[in-house]
Amino acid sequence: MKFLLIMLSFSLLVSCSKSIKGTLNVTDEMDFNKKTKLGGQKDILIPVGEYASEIILAGKNKIKLNIRNVEGKDKKISFILPPGVEFPSYSGDLFLESSISGQPYDLNGKVRSQTTNSHEYSGVEGCSYTENRYVCRTICQIEFGQQVCRQVCDYMPITVQGRRHVSFYYKYTDILYTIDFLYEATQDQVAKFKAIDRNTFKHYTYRGRCY
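Mapping to the numbering used here: the sequence shown position 97 is 141, numbers consecutive.
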């Protein structure tokens with residue numbers, strides 16, 4: 045029996061629910077299993093075609109595939125993950141046999157990421173700072189049945205809105221997700237899910253004084 049799961053070069057694993065939106069290209073009609081509310085099972089047929097889809101990483105033991113607008117209806121399919129196995133988030137491979145997933149297809153998933161930087165930008169941004177200022181305020185209270193107001197002055201911390209000169213660049217991480225759905229017996233591909241996700245981080249190389 046072949047090795048059930050391959051997970052290599054994980055830089056980070058998904059530990060919470062995450063949705064990955066992409067496209068499912070079905071080249072041969074698919075037949076998934078779904079449990080009914082009464083504990084039975086029904087078939088979900090996916091005709092040949094291209095569908096907007098999303099992979100939902102639902103916790104640590106399940107992957108959900110949501111296929112949009114299949115003959116006018118959305119179809120949701122679940123795949124079971126063995127204990128301790130998670131789908132890679134930034135880099136790694138996952139091979140899941142149908143005997144484990146509960147569906148009639150093997151899953152061959154790959155995640156690859158690439159990081160690039162933009163050119164450097166310079167400009168002026170808003171900022172805030174705190175300083176102590178001498179502030180006077182009127183405090184009123186009732187004394188002997190009458191309202192008495194007094195002016196009280198003291199130094200108080202005040203938040204001041206300002207501006208500052210900055211230099212920065214953007215760091216882009218493009219993550220490519222692919223999942224091949226394979227016939228168990230022949231390992232021929234029946235469908236392919238593909239998605240690209242971009243994470244953007246703003247990295248400052250200079251931040252001037254806020255004034």
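Glycine is no exception: its CB is placed at the ideal position from the N, C-alpha and C atoms. On a predicted model such as this, the values are computed, not experimentally measured, just so you know.
Kindly list the residues whose CB is nearer than 7 Å to the CB of residue i, restricted to its own chain and excluding five residues on each side of it in sequence; keep chain order.
| i | result |
| --- | --- |
| Leu48 | Any answer about Leu48 is weak, because its pLDDT of 40 lies below 50 and its placement is not dependable; what the coordinates show is given next. Once the five neighbours on either side are set aside, the close Cβ partners of Leu48 are Glu141, Ile144. |
| Thr258 | For the chain, the structure presents residues 45 to 255; residue 258 sits outside this window and is missing. |
| Gln247 | The amino acid at residue 247 is misidentified as Gln; the sequence shows His. Here the set comprises Phe212, Tyr213, Lys215. |
| Lys62 | Leu101 |
For a quick check, are the C-beta atoms of residue i and residue j less than 8 Å apart?
| i | j | result |
| --- | --- | --- |
| Asn77 | Pro148 | yes |
| Val129 | Glu169 | no |
| Cys254 | Tyr173 | yes |
| Arg242 | Arg208 | no |
| Gly116 | Cys171 | no |
Compare the Cα-Cα distances from residue i to each of the options and report the closest residue.
| i | options | result |
| --- | --- | --- |
| Ile64 | Glu175, Glu73, Asp137, Ile100 | Ile100 |
| Leu89 | Ser97, Lys119, Ser135 | Lys119 |
| Gly146 | Lys246, Val155, Lys106, Val179 | Lys106 |
| Phe131 | Ile121, Ala102, Gly66 | Ala102 |
| Thr67 | Phe245, Tyr95, Val204 | Tyr95 |
| Lys238 | Glu175, Arg156, Val204 | Arg156 |
| Val204 | Phe188, Tyr248, Arg177, Thr222 | Arg177 |
| Arg232 | Tyr134, Ile202, Pro91, Asn152 | Arg is not the amino acid found at residue 232; the sequence shown has Asp there. For the residues Tyr134, Ile202, Pro91, Asn152, the minimum Cα distance to Asp232 belongs to Asn152. |
| Gln85 | Gln191, Lys62, Val92, Ile121 | Ile121 |
| Pro201 | Lys81, Glu175, Ser133, Pro91 | Glu175 |
| Gly167 | Gly83, Lys79, Thr249, Lys81 | Thr249 |
| Leu123 | Ser97, Lys79, Lys108 | A small fix is needed here, since residue 123 is Phe in this sequence, not Leu. Of the listed residues, the one whose Cα sits closest to Phe123 is Lys108. |
With a CB to CB cut of under 6 Å and the five nearest residues on each side skipped, what residues in its chain are close to residue i?
| i | result |
| --- | --- |
| Thr71 | none |
| Lys236 | Asn69, Asp224 |
| Met45 | Residue confidence for Met45 is low, a pLDDT of 39 falling below 50, so the modelled location carries little weight and cannot support an answer. |
| Thr222 | Lys154, Lys238 |
Tell me which same chain residues have a C-beta within less than 8 Å of the C-beta of residue i, skipping the five on either side of it?
| i | result |
| --- | --- |
| Val234 | Val70, Thr71, Asp72, Met74, Tyr149, Phe225, Leu226, Tyr227 |
| Val192 | Cys184, Gln185, Ile186 |
| Pro91 | Val70, Glu73, Val114, Glu115 |
ask   = Using 8 Å as the Cβ pair cut-off and three pairs as the minimum, do the region 95-114 and the region 193-212 touch?
value = Counting C-beta pairs with one atom in each stretch, the region 95-114 and the region 193-212 have fewer than three that are closer than 8 Å, which means they do not touch.
Quick one: which unbroken alpha helix (DSSP H) runs of 4-plus residues sit fully inside the region 84-172? Chain order, please.
142-145
Pairing CB atoms from the region 180-194 with CB atoms from the region 150-163, are three or more of them under 8 Å? no
Worksheet entry | the region 226-238 in contact with the region 200-218 per 3-pair CB rule at 8 Å | no
Item to complete: At 3 residues or longer, and completely inside the region 193-250: list those beta strand (DSSP E) runs for me, N to C.
Response: none
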